[in-house]
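Notes to accompany the following structure.
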Amino acid sequence: MLIIERKVVLDSIVYSDSWKGYNILDVSDFHHFRINHSELFADNQTHINGVENFWNQAKRRLRKFNGIPKTHFGLFLKECEWRFSHSDPLVQLT
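Quick note: the sequence shown uses full-length UniProt numbering, first residue 1, plus one each step.
Take a look at the structure:
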């Protein structure tokens with residue numbers, strides 16, 4: 001929770017799925033809205049599919065390295081972000 005408090009501006013709107021680990025957000029200074037996938041995936045264009053897609057791709061990519069030093073995690077994550085934003089294989093030149 002400390003990292004969220006440092007990175008997210010107070011009174012922000014935070015969307016999450018219904019994972020119980022996010023329960024702590026309900027007692028914070030954020031407006032927390034949950035998307036319950038068992039009921040619906042989107043509500044008036046409000047959804048978390050994009051971020052879930054990003055994390056699925058990032059985890060798939062990062063598993064290939066069998067561990068990353070904490071000091072370099074940010075750089076590896078930035079690469080995943082770039083690959084996600086430039087999904088054309090010809091642009092990635094892998």
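Beta carbons: idealized from backbone N, C-alpha and C, even for Gly.
Quiz item: Taking the beta strand (DSSP E) that F33 falls in, what are its first and last residues?
Solution: 31-35
Quiz item: If you draw a straight line from the C-alpha of I35 to the C-alpha of T71, how long is it?
Solution: 33 Å
Quiz prompt | Nearest-angstrom Cβ-Cβ length linking V51 and H31, presumed shorter than 8 Å | solution = Going by Cβ atoms, the distance from V51 to H31 rounds to 17 Å, so no, they are not a contact pair.
Self-check item: DSSP-derived helix/strand/coil call for S16
Solution: strand
Quiz item: Hey, quick one: how far does the alpha helix (DSSP H) through K64 stretch, first residue to last?
Solution: Taken as a continuous stretch (DSSP letters only), K64 belongs to no alpha helix (DSSP H), as it is neither H nor E.
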